[in-house]
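Report on the following structure.
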Amino acid sequence: MTAVLNFKSHLSDLFAEALRTVAPEQAATILLERPKQAQHGDYSCNLAMQLAKPLRRSPRDIAQALMAALPASGVVEKVEIAGTGFINVFLTVAAKQSVVRGVLQAGAGYGHIRRGAGKKVQVEFVSANPTGPLHVGHGRGAAYGASLSNVLDAAGYAVTREFYVNDAGRQMDILALSTWLRYLALHGISVPFPPNAYQGAYVRDMAQQISAAHGARYVRAAAEAMHSAPSVEEDADAHLDALIANCKKLLGEDYAYIHNHVLTEQLGDCRNDLAEFGVHFDEWFSEQSLFDSGLVARAVDTLKHGGHLYQQDGALWFRSTTFGDEKDRVVQRENGLYTYFASDIAYHLNKFERGFDRVINIWGADHHGYIARVNGALKALGLDSDRLTIALVQFAVLYRNGEKAAMSTRSGEFVTLRELRNEVGNDATRFFYVLRKSDQHLDFDMDLAKSQSNENPVYYLQYAHARICSVLQQWQGDAAVLKQADVGVLESDYEKVLLQHLIDYPQVIEGAAEDLAPHLIAFYLKDLAADFHSYYNASRFLVEDEKVKQARLALIAAVAQVMRNGLALLGVSAPEKM
RNA sequence: GUGCCCGUAGCUCAACUGGAUAGAGCACCAGCCUUCUAAGCUGGGGGUUACAGGUUCGAUUCCUGUCGGGCACGCCA
Numbered sequence: 246m247t248a249v250l251n252f253k254s255h256l257s258d259l260f261a262e263a264l265r266t267v268a269p270e271q272a273a274t275i276l277l278e279r280p281k282q283a284q285h286g287d288y289s290c291n292l293a294m295q296l297a298k299p300l301r302r303s304p305r306d307i308a309q310a311l312m313a314a315l316p317a318s319g320v321v322e323k324v325e326i327a328g329t330g331f332i333n334v335f336l337t338v339a340a341k342q343s344v345v346r347g348v349l350q351a352g353a354g355y356g357h358i359r360r361g362a363g364k365k366v367q368v369e370f371v372s373a374n375p376t377g378p379l380h381v382g383h384g385r386g387a388a389y390g391a392s393l394s395n396v397l398d399a400a401g402y403a404v405t406r407e408f409y410v411n412d413a414g415r416q417m418d419i420l421a422l423s424t425w426l427r428y429l430a431l432h433g434i435s436v437p438f439p440p441n442a443y444q445g446a447y448v449r450d451m452a453q454q455i456s457a458a459h460g461a462r463y464v465r466a467a468a469e470a471m472h473s474a475p476s477v478e479e480d481a482d483a484h485l486d487a488l489i490a491n492c493k494k495l496l497g498e499d500y501a502y503i504h505n506h507v508l509t510e511q512l513g514d515c516r517n518d519l520a521e522f523g524v525h526f527d528e529w530f531s532e533q534s535l536f537d538s539g540l541v542a543r544a545v546d547t548l549k550h551g552g553h554l555y556q557q558d559g560a561l562w563f564r565s566t567t568f569g570d571e572k573d574r575v576v577q578r579e580n581g582l583y584t585y586f587a588s589d590i591a592y593h594l595n596k597f598e599r600g601f602d603r604v605i606n607i608w609g610a611d612h613h614g615y616i617a618r619v620n621g622a623l624k625a626l627g628l629d630s631d632r633l634t635i636a637l638v639q640f641a642v643l644y645r646n647g648e649k650a651a652m653s654t655r656s657g658e659f660v661t662l663r664e665l666r667n668e669v670g671n672d673a674t675r676f677f678y679v680l681r682k683s684d685q686h687l688d689f690d691m692d693l694a695k696s697q698s699n700e701n702p703v704y705y706l707q708y709a710h711a712r713i714c715s716v717l718q719q720w721q722g723d724a725a726v727l728k729q730a731d732v733g734v735l736e737s738d739y740e741k742v743l744l745q746h747l748i749d750y751p752q753v754i755e756g757a758a759e760d761l762a763p764h765l766i767a768f769y770l771k772d773l774a775a776d777f778h779s780y781y782n783a784s785r786f787l788v789e790d791e792k793v794k795q796a797r798l799a800l801i802a803a804v805a806q807v808m809r810n811g812l813a814l815l816g817v818s819a820p821e822k823m
C-alpha cells in the first residue's frame, strides 16, 4: 500500500466525497483543524455546523449522515461526533508511525512542498540607504526577509532576494559632501560641519582613506566651498544644498570619484554585515540604473499618456487620489528633478516587467502612508496591483539592563546591527527578530538574548538538537539502519505527540508561506523541542531491546532532522554539542 | 485634526484566519541528577481577552463607538 503523506488533504478528500453524498448541491469549504485537546482526535471537521443553516437540520444530525457517508480509509482508526457537531477523526498509530521513515529518507528535503509550483516570487528587503551602518531596525527587516525567503523557497516558490540600492538621491550627495568636508579638515581647511550632514565616525574613516590614497588632490579653498550659502540658522536644508552644489562644481569630474567611493565603501560594509548575519541577496538593484536606462522617463511618460498626470505650480503631479490616496503626489519637481516616488514607480514597473508572479516588498512600518500611492501608480500603469504585497515590519526596541537603548540617528549614537550581533551573537539575534509576528512591535531584550541559561529560548531549541546528537553519538550505530527501523513499537503518549508534530511540519511551512509568517516556524520548533525534552526525561533510548532501541533512535533522529531543517529556515545554527 | 497598526496572566508573547475548557516562557512556590547533556523535566497558583454594544449555533478573532499606546501625514529619501 502507498503511504499517505499528507493526512489533511487525504481526509479533506474523504469529507468532500461524503459531502457529495449527503448534500450534493452544497458547496461548503472543507476545513480540517488540529484540535487543541487529544480527546478531540487528530483532526476535526466543522462541516456539519456550516451546513446546519442552509440544510435547516441540526448539526449533529448532519454529522451523523456525513460520518455514515465517509469512505473507508486505512489510516483512520475511528470517527466520532462531539460537542455541537464536530466530527473528530482519529488516525491509526501505524499511519502516524510511517512519518519517521518519511523524515529520515527525505532528510534536509523534509518539509519542502510544492505549493508554490515554481512560481517566481521576488522579495525585496532591507534596501537601506547606503549612507552609514545598518542599525537594529534594518536588522529586523533583514532577519524577517531572509527567513521569509527561505520559507517561500521551501514552499516551492522560485525566490529572488533583492536589495534596492538608493544610489541616486540627495542622501548620497550629503554623504559625499560630509566625507569631503572631513577630508578638507584633514588637510587643515576648516569649513563648519553642517548639523544635518552625516556625523558618524565612519565618515572620518572614509575621508582618511581618500586622503591616504590621493593626498591633497581634492583640496579646495574653504571660501569657495561656502560660497553664497545661506546660513544654517536661516535654512539648514538650503545651506546643505548650496554646499553640495559648490562641492560638485569645485570638484568637477572628481566629484564622481568621491561619490562612487563612499557608495562602494558603504555598500560593501552593508553587504559584509548582512553576509555575516547569514543574509544573502541574489540581486543588488541600482536606483541610478533606472535613470540611466530611461525607465523613469518612460514610466512617467506612460502615466502622462494615460491622463494620470497634471501640471501645477510648475511641478508634475500624479493624480493618486483617483486610486484612493489622500492627496496627489509630485513626480517631477519644479526644478525638473524627478522625485523618489518617480523612480519608485519605475522600479515597480521594472519588477513587473521582469515577470515575477508575485512581488513582496518588506518595508518599515513608518512607510505605511506610501502604500496607497504605489498601488495607485501600478493601477495607473495598467498593472495588476494584487500581485504586489507590502509587508510592514514594526520597529524593534532594544532593551539593555532593563532600559531602552537609545536609537538616535542624528548624533550617530545608534546601536548598529553589527554591535548587536557582536554582543548577542548571530543565532540569538536572528531568532529573537523572528520570534514575533512582523506587524507586532518587538521588544528586544539583549540581556535575555545574551544569557546562557534556561531563560533563553534559542538555547532551548539548540539544546534539544545537541542532546539528540549526543545520544546518537553514544549509540555508535549506522544512521542508515534507522531509515529501515521497525517503528511499530512507538506507542507511548510521548511518542505519539512527537509523531504528530513531525507530521505537522510540512503544513507549518505551508501556513508560514501563505501568511508570510516565519515566526510560526519558531513557535513550532519551540513546541517540538518541549515535547522532545519531556520525552527525553521520561524515557531511555539506549536500551537493551534492539528493536525498541532502533525505533526510539529513529524517532529522535527524525526530530533532530526537523529541528535542523526548521532552524536552517530561520538562519540559526544547529550545533551537535553545547 | 485625519489615516493605518495595536491593546490577551505581574512581564514578554501564542492561539491553526469564526470553533470545543484562551495557551507558552519568564517571575513566584514545591519536587526530580550513582544510568543517554539539569542550557532539562514534573506539579501548583495566576484571566470579565482595555471597555460598551452588535452580527450567529459559537467572537480574543468580524462590525460600530469609547478609552489608551505606536506610526504616518514634504516639490525628503
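The first sequence begins at 246 in the working numbering and counts up one residue at a time.
Virtual Cβ for every residue (Gly too), placed ideally from N, Cα, C.
No experiment lies behind these values; they were computed from the predicted model shown.
Annotation: the region 515 to 580 contains the following complete segments of the beta strand (DSSP E) (minimum length 3 residues), in chain order: 528 to 531, 554 to 557, 560 to 563, 574 to 577.
Taking 8 angstroms as the cut-off, the beta carbon of Met808 is found closer than this to the beta carbon of Ala709. The criterion of a C-beta distance shorter than 8 angstroms is satisfied by Leu264 and Leu292. Cβ contact annotation for Tyr402 (same chain, cutoff 6 angstroms, sequence separation greater than five): Gly361, Lys364, Val366, in chain order. At a Cβ-Cβ threshold of 8 angstroms, Ala796 and Asp738 do not count as neighbours. Annotated three-state conformation of Val604 is strand, per DSSP.
Assigned with DSSP and collapsed to three states, Phe335 falls in strand. In this structure, Ile766 lies away from Leu706, with their beta-carbon atoms at least 8 angstroms apart.
Contact annotation: Gly347 and Ala399 have beta-carbon atoms that are not nearer than 8 angstroms.
In this structure, Ala481 places its C-beta atom within 8 angstroms of the C-beta atom of Pro439. In the three-state scheme derived from DSSP, where H, G and I count as helix and E and B as strand, Gln295 is classed as helix. DSSP places Glu325 in the uninterrupted beta strand (DSSP E) bounded by 321 to 327. For Arg406, the enclosing beta strand (DSSP E) covers residues 403 to 410.
Counting every other CB atom within 10 Å of its CB across the protein chains shown gives Asp418 a total of 16 or more, marking it as buried. The beta strand (DSSP E) runs of length 3 or more contained entirely in the region 713 to 746 do not exist; there are none. Annotated as proximal: Arg406 and Phe526, with beta-carbon spacing under 8 angstroms.
Note that the region 671 to 688 touches the region 626 to 643; at least 3 beta-carbon pairs, one per stretch, sit closer than 8 angstroms. Leu535 sits close to Ala591, with the two beta carbons spaced by under 8 angstroms. When beta bridges are read from the DSSP output, Val464 appears opposite no residue.
Judged by DSSP secondary structure, Glu598 falls within the alpha helix (DSSP H) whose first and last residues are 585 to 598.
For Val576, the closest C-alpha among the options Val703, Arg564, Gly609, Phe568 is that of Arg564. In the structure shown, Val368 adopts extended strand secondary structure according to DSSP, grouped into three states.
Between the C-alpha atoms of Val477 and Leu773 there is a straight-line separation of about 59 angstroms. Per DSSP, Tyr769 lies in no beta strand (DSSP E) segment; the continuous alpha helix (DSSP H) that holds it begins and ends at 764 to 783. Residue pairing from DSSP places Tyr644 in a beta bridge opposite Lys649, Asp690. Sorting Leu508, Arg359, Ile358, Lys323 by C-alpha distance to the C-alpha of Asn411 places Leu508 at the top. The Cβ-Cβ distance between Ala711 and Gly523 does not fall below 8 angstroms. Pairing Ser630 with Asn620, the inter-Cα distance amounts to about 6 angstroms. DSSP, reduced to helix, strand and coil, places Ala636 within a strand of the structure shown. Leaving aside the five residues that flank Thr634 on each side, the residues in its chain whose CB is nearer than 8 angstroms to its CB run, in chain order, Arg603, Val604, Ile605, Asn606, Leu761. A Cβ-Cβ contact shorter than 8 angstroms links Gly286 with Glu325.
Under DSSP, Cys290 shares a beta bridge with Leu277, Ile332.
As the crow flies, the alpha-carbon of Glu791 is around 35 angstroms from that of Pro280.
His357 sits in coil when the DSSP states are folded into three classes, being neither helix nor strand. Under the three-state reduction of DSSP, Thr424 is assigned to helix.
Excluding residues up to 5 positions away in sequence, Lys365, Val366, Gln367, Thr405, Arg632 lie with their Cβ nearer than 8 angstroms to the Cβ of Phe601 in the same chain.
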